[in-house]
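In the numbering used here, the protein residues as written are 20 to 951.
Each remark here refers to the structure printed beneath this line.
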């Protein structure tokens, strides 16, 4: 059983009152009481206007403050009041996990804290505050929220919260809790509880108030739980006029980068930016812009980019180290290129491509034009090669200066518009460039490259659409025929793969008898390629796809290809009206996210209640969703207001956040309270929204033997869990082994028990998978000796004899007759297939006395009563030892060769066979005596 109690806490002096986000600032010693004593029981401080919240030791302390002005009879004063909310009976040693670290930090130089840094976080988790219950506290914009995650075995009835200092405590008619104080009121929305299962069921729940103690009444439910996407924040970006966003990406730290163009003269650039003012703007003249935002949506820096004429940025990429590359086109003669650039001077054509690099602080590193004289060029998308350290750009153009000698396609070869692919290094030096497009038409040949991506091995994929029937496909490709779709300008989609040297590996059409436009491409770590766009064709989907039939005139499509160019699956996506896929993204777990635009009222969003938005709000809305690698949709949601909303880009962060960006004319249902910009500025603004997508972690059964042998080495594993970032294994008592992956190598102890594994990601942990294992004891064979014959005293399934630690080939019976003197043991296998070994026993080879005599060793009398004479003929000094049949030494002395020497073993030895070894001077001989 696992439930989630989700409580929204809206504090009147905190909620919506700050333009910045709530953050948890860690206590590194700066938090003290009124006597300046360090409060070690406080872990975090949440600052607010006229109120601070302190969190620690299973409590939240609300500290209100209000200043009174001085009067004739009283000086100015700062009045304070505190309300404490404590988890009754909670685990005092609950582990604290800090998550979603922010850029903001504080440095203290007070006594004892010289230079100490207090970092801030957006989410903290107190694990197992009650048995199998986590307390999760996090920020949502300028709001504070907390949840109780009830895992397997947890009891919601354990949760009790004592409100000390509240002068009024009541549950309102709508289920909210009202906690009043003399200086303010804390309001907590009614609890929202839900379960993780395929139906995503809501669980009935409500507050229960008993005096000053709050608890929960939760309906019965037995099963797992999911937290589907919830809106973390949404914001507008722009000035008083219009903004067109054309590219968005993220980096490993969760920062978000946006590019596009604007004719707004305010609310764009930040102080100290590369270009703080726009130049020559009008209704038809724009400047490009670049914005960096942190994980909470706050602007880190922003800059215009352009000259005195029209400049537009279209594509953006980051390199993982904070550097940003942008591409687009320009009409300006200045303000674009840097000295020594690939192309420092604009050609005579009206429009020229541009490419620029900025560092992590927003300073331009280099910039270049890209194009040819007397032609129009533009750069539309960028991709960064993390393996090789190169940036790839795609665009359109037809003139000289686009391609390099020896390129895949050196010339456009006809009239019309052609795509191109170019590779630059990070200091702005072009490596190669090639055209891409056919020329079979007399006029108006058209090939548009729409997206580019690079896989982990440095191979480059491009996607687009064309009206030409040559130079697009390779021999043996998936589809080598231009379908010649409908209308006066028919198009087919295509996808192609290049290596890092610009050599095409393969190319294929994608389409049917209608038109196709491909707009996006993404690749996963297994080199599976996903393309998306829109289509008018029938019969494009594969069997068992998410949507096998066309829904309207234009439908979105998503198709998956292998790295070798073979189609794996294809699906439509849309309803009765026009729908299109505008962007695809694959995250670090190989999960596919998609985004697009729609006018359809059905066929877009997944079922309530856990989809963010299930209904169309305006004439055109954005949508966003997640799809499994097999083409099955996991969830999808509308996003937008009553105006027109169009999503352009989708990306993710390492912490499970999904980011979408686009353009909107909607005045509502876009921005969240406390976001960077809550209201629209012009007729259209750019919007940016961040969603938190919690993966439904559902481990399969543990693979491995349920019956094992004691002290053996065993491997246990589970299949990879989609969305999991780590695994926690628990082994039975007496076992050893650790792993954070889906496989563990365990050293088995002597007793059995349960093996459990839990999959974990930033949302929490899965239900445990359990494998009960029985441990069989190892066999303990004993052996006896009769003459030179060794016998195992019990019956087993298999035997293997060893002499002096070496396996004796073919010695696989219950008995073995020693042909040579040495230490013998047996290894046996029992009916449980467990293997054990006996202790070693010395045995003389057959005719050992004759052999000893032949080597000059004589013993007499033999048998005897422990008193006998030994004569060894070789001269020298030797060591004589006597051992029993299990190899235990019972007597030792020195012996002079060539002389008779009397030996007396004493009276304590039992009757039986004993072995004599004489060693020294590079010799070793053996004998045997029998004591009567």
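Positions of the beta carbon are idealized from the N, C-alpha and C atoms, including for glycine.
- Within the segment 412 to 456, the complete beta strand (DSSP E) runs of at least 3 residues fall at 435 to 444 and 449 to 455.
- Listed in chain order, the non-local C-beta contacts of residue 310 below 6 Å within the same chain comprise 277 and 321, local neighbours out to five positions each way being set aside.
- Excluding five sequence positions before and after residue 799, the CB atoms of its chain that fall closer than 7 Å to its own CB belong to 855, given in chain order.
- For residue 813, the three-state secondary structure derived from DSSP is coil.
- In the DSSP assignment, residue 859 forms no beta bridge with any residue.
- Judged by DSSP secondary structure, residue 315 falls outside any beta strand (DSSP E); it is assigned neither H nor E.
- Listed in chain order, the non-local C-beta contacts of residue 449 below 8 Å within the same chain comprise 361, 423, 441, 442 and 443, local neighbours out to five positions each way being set aside.
- For the 8 Å CB-CB criterion, residue 346 and residue 328 do not form a contact.
- Contact between residue 585 and residue 314 does not hold, since their C-beta atoms are separated by about 38 Å, which reaches or exceeds 8 Å.
- Within the segment 349 to 415, the runs of beta strand (DSSP E) at least 3 residues long that lie entirely inside it are, in chain order, 371 to 377, 383 to 389 and 397 to 404.
- Within the model, the alpha-carbon separation for residue 719 versus residue 790 is close to 11 Å.
- The segment 167 to 179 and the segment 225 to 235 touch, with no fewer than 3 CB-CB distances between them shorter than 8 Å.
- Looking from the CA of residue 465, the closest CA among 380, 489, 101 and 264 belongs to 489.
- Collapsing the DSSP output to three states places residue 94 in coil.
- Secondary-structure assignment with DSSP links residue 142 through a beta bridge to 118 and 157.
- Cβ atoms of residue 461 and residue 426 stay farther apart than 8 Å, at about 25 Å.
- DSSP lists 549 and 588 as the bridge partner or partners of residue 579.
- Here the alpha carbons of residue 575 and residue 560 stand approximately 11 Å from one another.
- Note: residue 51 is bridge-paired with 57 in the DSSP secondary-structure output.
- In terms of Cβ geometry, residue 679 and residue 614 form a close pair [threshold 8 Å].
- Per DSSP, reduced to three states, the secondary structure at residue 476 is coil, with no helix or strand assignment.
- With a 10 Å radius around the Cβ and a threshold of 16 neighbouring Cβ atoms, residue 142 comes out buried.
- For residue 223 and residue 503, the gap between their C-alpha atoms comes out near 57 Å.
- Where residue 712 is concerned, there is no enclosing beta strand (DSSP E), because DSSP gives it neither an H nor an E.
- Counting only the Cα atoms, residue 786 lies some 12 Å from residue 746.
- By the CB criterion at 8 Å, residue 659 and residue 636 fall inside the cutoff.
- By the criterion of a C-beta distance shorter than 8 Å, residue 725 is surrounded in its chain by 790, 791, 792 and 793, once the five residues flanking it on both sides are discounted.
- Across the set 388, 727 and 229, the C-alpha of 388 shows the shortest separation from the C-alpha of residue 358.
- The criterion of a C-beta distance shorter than 8 Å is not satisfied by residue 47 and residue 113.
- Here DSSP, grouped into helix, strand and coil, assigns residue 520 to coil.
- For residue 919, the pairing in a beta bridge is given by DSSP as 890.
- Ranked by how close their Cα comes to the Cα of residue 734, the residues 764, 728, 708 and 757 have 764 in first place.
- A distance of 8 Å or more separates the beta carbons of residue 418 and residue 458.
- For the set 755, 933, 709 and 898, the Cα lying nearest the Cα of residue 805 is the one of 933.
- In terms of Cβ geometry, residue 496 and residue 537 do not form a close pair [threshold 8 Å].
- Around residue 120, the same chain offers 138 and 140 as residues with beta carbons nearer than 7 Å, after the five sequence neighbours per side are excluded.
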